[in-house]
Amino acid sequence: MATASSWSPHPKVQIDKLSLDENQHKLISTTYRLKHEVSLIFDDHPTSQSDAMRLMQHHGLNRKAREALENRWNVQWTAGWKSGMPGDYKRRTLLQCASGFNSEARFLLNKRNLAGRGSSVQSDRRNPYDFTGCLAHAEITERESDGAVTRIVGILEHMEACARASIVRLPPVPLHPHVYEVALEQLRSGGGIPAVQSKNLAMLAARSYRGMGDKIPLNVRYHFLTSDIRQLYRLFTKSYGVDISSSPAHNLHQWLDHSSPLFRPELLEAIFYYTARTQKDERLKVCISTRDMDDAAWRFAHNSQLILDGTFGVCSSRLLLFIAMAIDDDGKGTPIAFFFFSAPTGNKATHAGYNRDIIRELLRKWRDHLSIGRPCTFRPLVAITDTDTKERGGLQDAWEEIWLLLCHFHVSCCWANKRKKLFAGDDFWIQYAARHMHELDIQLFATTEHAVALRLVSDERAHAHAIFRASSAAKSALEATIEYLDYLTSTWLPVALWQSWSQFGRIVASAILKIPVAGVLPTTNHLESFNRLLKRKYIPLWQRAGSRLRFDFLISILITHVLPEIFANRRAQHEYHKWLIERFSTHSNSADILAAVKLRQHPIRDGAQLCWWRDDQQRDGEAQNLLARSCLFNITTRKDDDGYEASCRSSSRVGVVYQLQLLRDGYASCDCPDFIHRGGACKHLRALRLTVNHWISGGLSRPFYYPTSLSSATRVAPPLSQHAPPLSDAQFHPRTTNTGALAVDNLLALQKFASQSGGHEEHEDVEDDMLDTMCDAQSDCSDSFSEYSPIGAEIVKLARNACDDDRDAVGIQVQQRAEHIANIVLPHLHGLISHTMDATLLRTDCIEELEHTLSELQLALRESLSPRHIPSTPSLQPPSRTSNGQPSMPLPPVVRSDKHSLPLNLMPPSPEARQMRKFSGSVL
0 MATASSWSPH PKVQIDKLSL DENQHKLIST TYRLKHEVSL IFDDHPTSQS
50 DAMRLMQHHG LNRKAREALE NRWNVQWTAG WKSGMPGDYK RRTLLQCASG
100 FNSEARFLLN KRNLAGRGSS VQSDRRNPYD FTGCLAHAEI TERESDGAVT
150 RIVGILEHME ACARASIVRL PPVPLHPHVY EVALEQLRSG GGIPAVQSKN
200 LAMLAARSYR GMGDKIPLNV RYHFLTSDIR QLYRLFTKSY GVDISSSPAH
250 NLHQWLDHSS PLFRPELLEA IFYYTARTQK DERLKVCIST RDMDDAAWRF
300 AHNSQLILDG TFGVCSSRLL LFIAMAIDDD GKGTPIAFFF FSAPTGNKAT
350 HAGYNRDIIR ELLRKWRDHL SIGRPCTFRP LVAITDTDTK ERGGLQDAWE
400 EIWLLLCHFH VSCCWANKRK KLFAGDDFWI QYAARHMHEL DIQLFATTEH
450 AVALRLVSDE RAHAHAIFRA SSAAKSALEA TIEYLDYLTS TWLPVALWQS
500 WSQFGRIVAS AILKIPVAGV LPTTNHLESF NRLLKRKYIP LWQRAGSRLR
550 FDFLISILIT HVLPEIFANR RAQHEYHKWL IERFSTHSNS ADILAAVKLR
600 QHPIRDGAQL CWWRDDQQRD GEAQNLLARS CLFNITTRKD DDGYEASCRS
650 SSRVGVVYQL QLLRDGYASC DCPDFIHRGG ACKHLRALRL TVNHWISGGL
700 SRPFYYPTSL SSATRVAPPL SQHAPPLSDA QFHPRTTNTG ALAVDNLLAL
750 QKFASQSGGH EEHEDVEDDM LDTMCDAQSD CSDSFSEYSP IGAEIVKLAR
800 NACDDDRDAV GIQVQQRAEH IANIVLPHLH GLISHTMDAT LLRTDCIEEL
850 EHTLSELQLA LRESLSPRHI PSTPSLQPPS RTSNGQPSMP LPPVVRSDKH
900 SLPLNLMPPS PEARQMRKFS GSVL
């Protein structure tokens, strides 16, 4: 045994890692203080190592003995480091006698280390040996490659009671590593636990696991049990660089810290903004934009359209996720930014845990990040959201001149919710009124003049009084109809808000973007669909038994796997389409055959205002009924004798008349809701066709062409109409259409609206200048990377100045929501006042929260009832780079030791239980 060594003869043993009661800890500490422990040092000489092996075998500490299931030594702590030999490691291992293992002490230690995240109830003892209070323990330093021992320190002799003890419980039998290896490969390939169990049984039967022979193994098993699932998932997450023994907040912080040994540069490159949560009133904020997302943002969202929406329930913590999305050249949604942030402390509902300020902050950080190193500031011109005022307000604060649209689907849901509350029941008159209100909703969406929208509501009000007053049984239907019309007028028909959801708003957007109206998004369906894919396709591949992911693991796999896969798939599709065009270009006379394929797969719903004649027995029969009731009248020949115009009374709405036109070249139109929103020949046009065919058969008129498909109807559409453009332009070259002419055409509609609004003579010169500028710009208006056009700003200014109300649409929505909530809460508050005057209340948590909330509400009202102050927009100049050329992203100050100790003040977001999506009954 060698004596010369650089090791201390009495090294510090990690006694605190042992599971000891107070008496054991006291006796062991005394032993070390008196230096009565065993402390032996060995060198690499064969004689020295032979002495070490004999000593370890005598006490059952050699590797073979430690692998035996009945061995008395349990590993309590281990640490490794690189040795002098390349690729080799040394390891310190602390072992404790099984009879000296105190279960209660270990439970309390785990509870402290897990900060309350573990079980609060101590389970029964599972150690094979009963507790005897034995003091035996050993710390062994050895080389991993050959087992050469460097040092043995500890108390090696067992107590007498321990020596007499025998196994009283079955020891845990470890699963062979090869079983885990095969199972991990299955999980990485998308398989689940049932697939793992099935393959395990098959390999057991074939005895194809490594180390399986004719003999039954002594210390391992190969059968995968349910109890192994937890360890399998731990190994699975660890294989992707996530240590679940550390908190998610600490993991994330270390990944983004240059000084940490766990630093991950690929995550730092993708996360452009990060702030840790170190105080209760702070939020965790993580904003993601990879290089692919940055490129897509500039290509598809700069000077173009943007979709913004939020979701929640994507991880096990109370984190909200907002996604920014653009539309690519193929009309597909492309995610261009992810914004994660935690809900505030005490927040009861995650989906309500944000405000306008946080959205503004994150959008401005994203804008500045994208603008680094660019000749201009990143700026979308048009954005569409749901009815959430916080999203819309944040967008308006980040880009002052942005034109905001409301999603038709979400607006129609609000209207439908109101109708369900008012028109409940199966009464004939109630259902008749509900159908009329639904038809009115469709017509309102199609309005391009505010006066027309008001007139539609006024006409419906007159119709309701005329019809429902004739019957006493219809009184409830009349009251519900009047209340619904009042709701539409007061809530949704202020001019600024009407501009956001009507066809007029889309015309303004098309003029700003210089694209056809059909190219303006009517809904946020692209983003809703992506949310569904994220939650039901991408994330479930990484979940365990449906449990939500930790947010550190979610952020890691989003950056390293999910987002790269999404963009790789898009590149592969693009290359495949390019190959198809080149492969079949000769046989198709260079025609873009993909356009025809896409037309068959995805008919253009926004080109619904095109007429083609497909077989439809139902509408043919309804056309016959219209003729029998003499609903078709005033049929006149067009001035150029190329077709007919006619009027047709509505079969379901008294006093409503639709205008029709039928041209010989195949084009036809009607302003009924069925034609506007579905396309194809409606019953009114079919009635007109029956009449014209009768004249043709009698020799009174020349023949007409009737297209039988959408593609043929597209070819006969007027070139400057606001219908869907030819498919080759709409789908593959969205910026090469006659955008200048389209912008002029749409601007004329805006001028008409402004002139009808009155009181805006000062804008006439601006409008004329805009028209001249736009006409001059027709030859060159396709540069998507140019700076924001002043023409777009003037169009937005013209549309906004046409409103009589000085408030913008977001301000109107906020006012409405505040009044709506106040009407609900005020009766309860008045009742609460009377209750509090009857007795003295105890200061419970609920009462204190109420007091605090009312104080905050009082301060907010004082600020809101005065002219609202919005923080000034920072300079739109692109921010500067750091000295190394990378965008600056300050981390919170962290005091670290040489061992990279974690900051003690990192706070995780609150946990969130699994929730089912709830139906929204909102009417605002």
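So for the sequence shown, numbering that gives the first Met the number 0 puts the first residue at 0; every next one is plus one. Cβ atoms here follow ideal geometry from the backbone N, Cα and C, with glycine treated the same way. Since we're looking at a predicted model, the values are computed, not measured.
Cβ-heavy atom distance, residue i to the ligand FMN, below 7 Å
| i | result |
| --- | --- |
| E400 | This structure simply doesn't include the ligand FMN, nor any ligand for that matter. |
Buried or exposed (CB count within 10 angstroms, at least 16 for buried), residue i
| i | result |
| --- | --- |
| L17 | buried |
| T835 | exposed |
| M55 | buried |
| S651 | exposed |
| T480 | buried |
| V148 | buried |
| R263 | buried |
| S785 | Unreliable positioning characterises S785 in this predicted model, as indicated by a pLDDT of 41, which lies under 50. The coordinate reading is nonetheless provided below. By the neighbour-count rule (16 or more Cβ atoms within 10 Å), S785 is not buried but exposed. |
| M324 | buried |
| H44 | exposed |
| D294 | exposed |
| N933 | One cannot answer for residue 933 here, as it falls past the ends of the chain, which runs 0 to 923. |
| K898 | At K898 the pLDDT is 38, less than 50, meaning the model places this residue with poor confidence and gives no usable figure here. |
| Y666 | buried |
Cβ pair residue i, residue j closer than 8 Å
| i | j | result |
| --- | --- | --- |
| E390 | I358 | yes |
| F550 | S316 | yes |
| F444 | S501 | yes |
| S98 | R71 | yes |
| T236 | L562 | no |
| L699 | L659 | no |
| T386 | L405 | yes |
| D123 | A164 | no |
| W76 | Q23 | no |
| I243 | A300 | no |
| L94 | A64 | no |
| N126 | R168 | yes |
| W578 | L709 | no |
| L487 | V456 | yes |
Beta bridge counterpart(s) of residue i as assigned by DSSP
| i | result |
| --- | --- |
| D308 | I322 |
| K89 | W80, R142 |
| I287 | I270, F337 |
| E855 | None, per the DSSP bridge assignment. |
| H44 | According to DSSP, which records beta bridges pairwise, H44 is partnered with nothing at all. |
| G642 | L662 |
| W414 | Answer is none; W414 lacks a bridge partner. |
| W428 | According to DSSP, which records beta bridges pairwise, W428 is partnered with nothing at all. |
| R648 | V656 |
| H136 | Q95, I154 |
| R163 | None, per the DSSP bridge assignment. |
| L403 | A382 |
| T924 | Given a span of 0 to 923 for the chain in the structure shown, any question on residue 924 remains unanswerable. |
Cutoff 6 Å; reference residue i; Cβ partners in own chain excluding five residues on either side
| i | result |
| --- | --- |
| L496 | A808, I811 |
| F339 | V285, L318, L320 |
| R648 | C630, V656 |
| D641 | L662, R663 |
| L267 | L255 |
Sequence-distant residues of the same chain with beta carbon closer than 7 Å to residue i, five excluded per side
| i | result |
| --- | --- |
| R543 | Y232 |
| P886 | Because the pLDDT at P886 is just 41, under 50, the model does not fix this residue reliably, and the point stays unresolved. |
Boundaries of the beta strand (DSSP E) in which residue i is found, first to last residue
| i | result |
| --- | --- |
| R150 | 148 to 154 |
| A667 | 667 to 669 |
Residue range of the alpha helix (DSSP H) that includes residue i
| i | result |
| --- | --- |
| F931 | The structure shown does not extend to residue 931, since the chain is modelled only from 0 to 923, so the question has no answer here. |
| W500 | 494 to 500 |
| W297 | Premise fails: W297 is in no alpha helix (DSSP H) and is neither H nor E. |
| S28 | 21 to 32 |
| A382 | Where A382 is concerned, there is no enclosing alpha helix (DSSP H), although the beta strand (DSSP E) it sits in stretches over 381 to 384. |
Sequence-distant residues of its chain with Cβ nearer than 8 Å to residue i (five each side left out)
| i | result |
| --- | --- |
| L19 | I27, G99, N101, A104 |
| R220 | V172, P173, L174, H175 |
| Q196 | F223 |
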